[in-house]
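The listed protein sequences derive, respectively, from chains A and B. If you read the first sequence in the numbering used here, its first letter stands for residue 347, the second for the next number, and so on. If you read the second sequence in the numbering used here, its first letter stands for residue 347, the second for the next number, and so on.
Protein chains: 2
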Amino acid sequence: MPIRLDTKSPSFADAFATFLASKREASADVAAAVADIIAAVRARGDDAVIELSRTFDRVDLSGRIRVTEAEIDAALKEVPAETLDALKFAKARIEAHHSRQLPQDERYTDAAGVELGQRWTPVDAVGLYVPGGTAAYPSSVLMNAVPAKVAGVPRVAMVVPSPDGVIAPLVLAAARLAGVDEVYRVGGAQAVAALAYGTASIAPVDKIVGPGNAYVAAAKRQVFGKVGIDMIAGPSEVLILADANANPAWIAADLLAQAEHDTAAQSILVTDSGELADAVARAVEAQLTTLPRREIAQASWNDHGAIILVRDLEEALPLVDRVAPEHLEIHAEAAEELTARIRHAGAIFVGAYTPEAIGDYVGGTNHVLPTARSARFSSGLGVYDFMKRTSILKCTAASLNLIGPAAVRLAEVERLDAHGRSILIRTNAGPTDA
Amino acid sequence: MPIRLDTKSPSFADAFATFLASKREASADVAAAVADIIAAVRARGDDAVIELSRTFDRVDLSGRIRVTEAEIDAALKEVPAETLDALKFAKARIEAHHSRQLPQDERYTDAAGVELGQRWTPVDAVGLYVPGGTAAYPSSVLMNAVPAKVAGVPRVAMVVPSPDGVIAPLVLAAARLAGVDEVYRVGGAQAVAALAYGTASIAPVDKIVGPGNAYVAAAKRQVFGKVGIDMIAGPSEVLILADANANPAWIAADLLAQAEHDTAAQSILVTDSGELADAVARAVEAQLTTLPRREIAQASWNDHGAIILVRDLEEALPLVDRVAPEHLEIHAEAAEELTARIRHAGAIFVGAYTPEAIGDYVGGTNHVLPTARSARFSSGLGVYDFMKRTSILKCTAASLNLIGPAAVRLAEVERLDAHGRSILIRTNAGPTDA
Numbered sequence: 347m348p349i350r351l352d353t354k355s356p357s358f359a360d361a362f363a364t365f366l367a368s369k370r371e372a373s374a375d376v377a378a379a380v381a382d383i384i385a386a387v388r389a390r391g392d393d394a395v396i397e398l399s400r401t402f403d404r405v406d407l408s409g410r411i412r413v414t415e416a417e418i419d420a421a422l423k424e425v426p427a428e429t430l431d432a433l434k435f436a437k438a439r440i441e442a443h444h445s446r447q448l449p450q451d452e453r454y455t456d457a458a459g460v461e462l463g464q465r466w467t468p469v470d471a472v473g474l475y476v477p478g479g480t481a482a483y484p485s486s487v488l489m490n491a492v493p494a495k496v497a498g499v500p501r502v503a504m505v506v507p508s509p510d511g512v513i514a515p516l517v518l519a520a521a522r523l524a525g526v527d528e529v530y531r532v533g534g535a536q537a538v539a540a541l542a543y544g545t546a547s548i549a550p551v552d553k554i555v556g557p558g559n560a561y562v563a564a565a566k567r568q569v570f571g572k573v574g575i576d577m578i579a580g581p582s583e584v585l586i587l588a589d590a591n592a593n594p595a596w597i598a599a600d601l602l603a604q605a606e607h608d609t610a611a612q613s614i615l616v617t618d619s620g621e622l623a624d625a626v627a628r629a630v631e632a633q634l635t636t637l638p639r640r641e642i643a644q645a646s647w648n649d650h651g652a653i654i655l656v657r658d659l660e661e662a663l664p665l666v667d668r669v670a671p672e673h674l675e676i677h678a679e680a681a682e683e684l685t686a687r688i689r690h691a692g693a694i695f696v697g698a699y700t701p702e703a704i705g706d707y708v709g710g711t712n713h714v715l716p717t718a719r720s721a722r723f724s725s726g727l728g729v730y731d732f733m734k735r736t737s738i739l740k741c742t743a744a745s746l747n748l749i750g751p752a753a754v755r756l757a758e759v760e761r762l763d764a765h766g767r768s769i770l771i772r773t774n775a776g777p778t779d780a
Numbered sequence: 347m348p349i350r351l352d353t354k355s356p357s358f359a360d361a362f363a364t365f366l367a368s369k370r371e372a373s374a375d376v377a378a379a380v381a382d383i384i385a386a387v388r389a390r391g392d393d394a395v396i397e398l399s400r401t402f403d404r405v406d407l408s409g410r411i412r413v414t415e416a417e418i419d420a421a422l423k424e425v426p427a428e429t430l431d432a433l434k435f436a437k438a439r440i441e442a443h444h445s446r447q448l449p450q451d452e453r454y455t456d457a458a459g460v461e462l463g464q465r466w467t468p469v470d471a472v473g474l475y476v477p478g479g480t481a482a483y484p485s486s487v488l489m490n491a492v493p494a495k496v497a498g499v500p501r502v503a504m505v506v507p508s509p510d511g512v513i514a515p516l517v518l519a520a521a522r523l524a525g526v527d528e529v530y531r532v533g534g535a536q537a538v539a540a541l542a543y544g545t546a547s548i549a550p551v552d553k554i555v556g557p558g559n560a561y562v563a564a565a566k567r568q569v570f571g572k573v574g575i576d577m578i579a580g581p582s583e584v585l586i587l588a589d590a591n592a593n594p595a596w597i598a599a600d601l602l603a604q605a606e607h608d609t610a611a612q613s614i615l616v617t618d619s620g621e622l623a624d625a626v627a628r629a630v631e632a633q634l635t636t637l638p639r640r641e642i643a644q645a646s647w648n649d650h651g652a653i654i655l656v657r658d659l660e661e662a663l664p665l666v667d668r669v670a671p672e673h674l675e676i677h678a679e680a681a682e683e684l685t686a687r688i689r690h691a692g693a694i695f696v697g698a699y700t701p702e703a704i705g706d707y708v709g710g711t712n713h714v715l716p717t718a719r720s721a722r723f724s725s726g727l728g729v730y731d732f733m734k735r736t737s738i739l740k741c742t743a744a745s746l747n748l749i750g751p752a753a754v755r756l757a758e759v760e761r762l763d764a765h766g767r768s769i770l771i772r773t774n775a776g777p778t779d780a
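Laid out in structure tokens, this is it:
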């Protein structure tokens with residue numbers, strides 16, 4: 347049974363704090379093993395990649411680390427037309443929304459006559475990690491690769507393990523649709539190391555994104571600095587905020603959609619209606635009986651699920667902000683007003699007709715979102731993640747004369763004389779304009 | 347003597363690659379020591395902070411971890427009026443420029459009738475690390491705290507070590523001017539741990555920014571995930587791109603302004619004029635003789651400096667992009683055209699009247715910039731670093747009916763049936779609008 351909390355209980359504050367602090371994942375310490383793998387790939391390149399893939403994926407990659415265009419063509423032919431259409435539809439919607447994120451360059455002259463600006467440029471090369479096996483989701487390929495391409499990244503290189511030689515055709519099809527430029531059948535920490543440091547077969551990239559297991563996460567953490575990385579994603583979560591008029595069956599369906607991901611996933615209902623809470627709990631049990639992934643969903647719901655009863659939805663707002671959920675659904679008459687007042691959430695799904703699953707696939711917004719309370723300080727994946735900003739500064743002799751003295755003074759108090767001199771050598775030269 | 351490279355030399359490609367790969371910092375492995383410090387602060391809070399400060403800073407912080415407002419008032423009185431005016435001038439210019447970075451929220455309805463949007467909100471609490479001793483720069487306090495305040499962060503908590511009980515009054519003055527809300531006299535990994543996990547005296551924050559030594563960098567890396575962090579900064583660098591008409595004395599002054607920071611700092615001149623190269627080399631030696639920090643600057647210039655001769659500035663562009671310098675100065679007639687064509691640089695200082703030092707203090711742009719080639723994938727500090735984006739999605743019954751089937755199809759091929767069901771339970775209910 348999921349935990350039930352009630353803000354009217356005198357022990358609520360402690361119980362909620364304990365709930366927030368509860369770990370949903372054993373954090374295996376794989377740092378040392380990963381450091382060895384990275385060192386091996388740096389030292390021996392492709393040979394190490396081939397050896398490690400033989401060990402971990404039971405596959406011989408000699409001479410075939412890269413997936414050929416012909417292999418991708420063949421995979422595309424295996425995908426039914428209806429599925430391909432759905433992927434194309436999703437891709438178009440993701441692309442349309444993300445295109446609106448393209449930031450504007452700026453350049454202006456201020457009152458002192460100093461020109462200031464900022465300019466956005468894409469990263470040259472991005473590596474995209476895609477997990478293998480049952481977690482090889484074509485939708486994830488779209489969600490990671492499309493924003494990179496919208497940003498203008500010229501080279502997107504995808505790595506995906508091929509355990510026992512198998513890569514899901516759908517993943518290759520999604521890569522082709524999303525404009526991925528290169529695909530390598532390598533996974534694990536060795537794939538991250540190859541992307542970061544390069545091998546004879548895999549040219550190094552500048553930034554690595556995408557989800558993965560504990561080894562992949564540890565490898566990303568270790569190569570951070572040498573290359574950029576995206577967030578380290580944890581298990582997924584949803585919080586549904588609902589009033590008494592909400593539909594319990596719909597809420598139950600959404601809680602289970604979250605729970606079926608992973609036994610470590612988390613589904614939370616926050617409501618001011620005890621009746622709704624009970625009805626949702628019953629509906630979850632009823633819907634579970636026919637769910638193919640019921641064992642996973644049941645374990646997630648029993649171990650990490652929660653129903654939190656509040657006096658009114660006003661009281662719920664600070665609780666939601668403390669959870670800072672990856673996904674927040676609002677099923678309430680005042681959905682818009684509540685949306686406006688939430689401060690921390692990766693994504694908000696407004697109103698009962700917006701199940702979170704629509705955002706996983708075709709809503710157009712990104713499904714790579716901050717987990718484990720990190721929406722307090724980070725954002726979902728976007729075009730910004732594949733661009734960087736260069737600041738621009740331009741003085742004339744006159745404007746340097748105007749603002750220079752304050753800089754000289756600050757250089758002096760920081761005892762950085764050469765800083766001051768680099769300004770004085772110009773301003774002492776007199777106010778001739780450049 | 348700095349290294350001299352010439353693109354006309356047959357060994358240039360190898361020599362340039364070696365130059366790019368050269369490490370300027372011994373990376374001390376302090377990870378284990380830092381992990382112990384973090385564990386101690388998590389377990390014993392203020393007691394551990396006090397013990398560690400006694401050991402590392404030779405100071406007793408019992409009952410006085412926080413710097414009081416009266417102490418900050420007293421520090422302000424110690425700062426000469428001219429210096430305070432310079433700090434205020436710098437703060438106003440940084441604030442004015444960064445205010446233009448505030449991102450716009452967006453909400454729109456697309457052709458399918460789906461409402462999409464993104465909303466930016468500030469982080470609730472930010473921790474700002476400020477190094478102690480001679481590297482306690484008031485300008486760094488402004489550069490880190492002002493963007494946080496422009497972003498709307500309600501709580502900015504600063505930590506600064508007080509070795510032997512001393513904190514520079516200027517640093518406290520800058521904190522007051524910048525609107526820092528709390529100051530703690532704690533440094534090192536223990537300060538980072540306290541900010542990340544909280545103690546009785548220091549409430550936890552959501553994101554930690556600011557420069558520091560190897561211990562601070564390792565601590566930031568280890569608490570990443572629990573809180574957000576900014577980049578891990580390396581030693582500073584400048585690349586000056588100059589044509590034959592550039593002023594060698596000005597260039598020498600700017601190369602030395604960089605070199606005086608740190609023996610690990612790097613100053614690079616790239617020019618198409620052998621005469622200018624020689625004149626700059628002579629000017630550096632001449633200016634060094636009277637520089638207070640000449641030992642540091644000389645070591646930096648000799649060990650890490652470089653003069654690279656190119657056939658023409660066109661040939662320089664890909665070299666500059668490979669260096670991806672933190673600071674790029676362009677002293678050339680074609681400065682604007684060259685600026686437009688550079689892809690990777692933290693900041694560009696356009697034209698001879700824009701010494702890099704002006705950007706360190708009063709230009710208005712941020713001086714916290716990506717080092718060690720990381721401008722390939724990351725940006726200088728800005729308002730964005732203190733905000734996060736929540737995506738918004740809102741369907742009606744009609745728009746869910748329109749886009750739902752493709753999502754159901756994709757859920758099916760990903761074998762996430764509960765995802766598909768959460769859409770079908772609504773669309774099967776018929777096209778009644780919400």
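C-beta: ideal position from N, C-alpha, C; glycine also.
When you compare the CB positions of residue i and residue j, do they come within less than 8 Å of one another, or not?
i	j	result
G556/A	S724/B	no
D470/B	R722/A	yes
I738/A	V666/B	no
R767/B	A599/A	yes
V387/A	Y561/A	no
S485/A	D706/A	yes
L587/A	A693/A	no
M504/A	L523/A	no
P493/A	D731/A	yes
T609/A	I642/A	yes
R657/A	K354/A	yes
Under 7 Å between beta-carbons, which chain A residues line up against residue i? List them in chain order, please.
i	result
W596/B	I771, R772
R767/B	A599
P701/B	S768, I769, R772
Give the interface partners of residue i over in chain B, defined as CB-CB distance under 8 Å, in chain order.
i	result
P638/A	R761, D763
T685/A	I738
L602/A	A764, R767, S768
Buried or exposed: residue i, going by 16 or more other Cβ atoms within 10 Å of its Cβ?
i	result
D779/A	Here the model assigns D779/A a pLDDT of 39, short of 50, so the residue's position is not dependable, and the following value carries that caveat. Exposed.
G463/B	buried
L433/A	buried
R639/B	buried
G726/A	buried
Q447/A	buried
Q450/A	exposed
Can you check DSSP and say which residues form a bridge with residue i?
i	result
Q464/B	E452/B, S737/B
A752/B	DSSP, once it has assigned bridges, lists no residue as partnering A752/B.
K553/A	V472/A, G574/A
A693/B	S737/A, H673/B
V505/A	Y475/A, Y530/A
Taking Cβ-Cβ distances shorter than 9 Å, what residues in chain B pair up with residue i?
i	result
S445/A	What S445/A touches in chain B: nothing, since even the nearest Cβ is about 12 Å away.
Chain A partners of residue i, CB-CB under 9 Å?
i	result
A693/B	T736, S737, I738, L739
G728/B	Q464, R735, S737
How would you list, in chain order, the residues of chain B whose beta-carbon sits under 7 Å from the beta-carbon of residue i?
i	result
V380/A	Those within 7 Å of V380/A in chain B number zero; the least Cβ separation is about 13 Å.
E428/A	R755
Count the CB pairs spanning the stretch 491-510 of chain B and the stretch 365-372 of chain B that are closer than 8 Å, and state whether there are at least three.
-> In the pairwise beta carbon analysis, the stretch 491-510 of chain B is classified as not touching the stretch 365-372 of chain B: fewer than three pairs are separated by under 8 Å.
Is it a yes or a no for the stretch 667-675 of chain A touching the stretch 707-714 of chain B, going by three-plus beta-carbon pairs under 8 Å?
-> Segments in contact, no.
Is there contact between the stretch 639-650 of chain A and the stretch 612-624 of chain A, where contact requires at least three CB pairs shorter than 8 Å?
-> With a cut-off of 8 Å, the stretch 612-624 of chain A and the stretch 639-650 of chain A count as touching, because enough Cβ pairs lie within range.
Is it true that the stretch 399-412 of chain B meets the stretch 675-693 of chain B, where meeting means three or more beta-carbon pairs spaced less than 8 Å apart?
-> Using a Cβ-Cβ distance cut-off of 8 Å, the stretch 399-412 of chain B and the stretch 675-693 of chain B are not in contact, since fewer than three pairs of beta carbons, one from each stretch, lie closer than that value.
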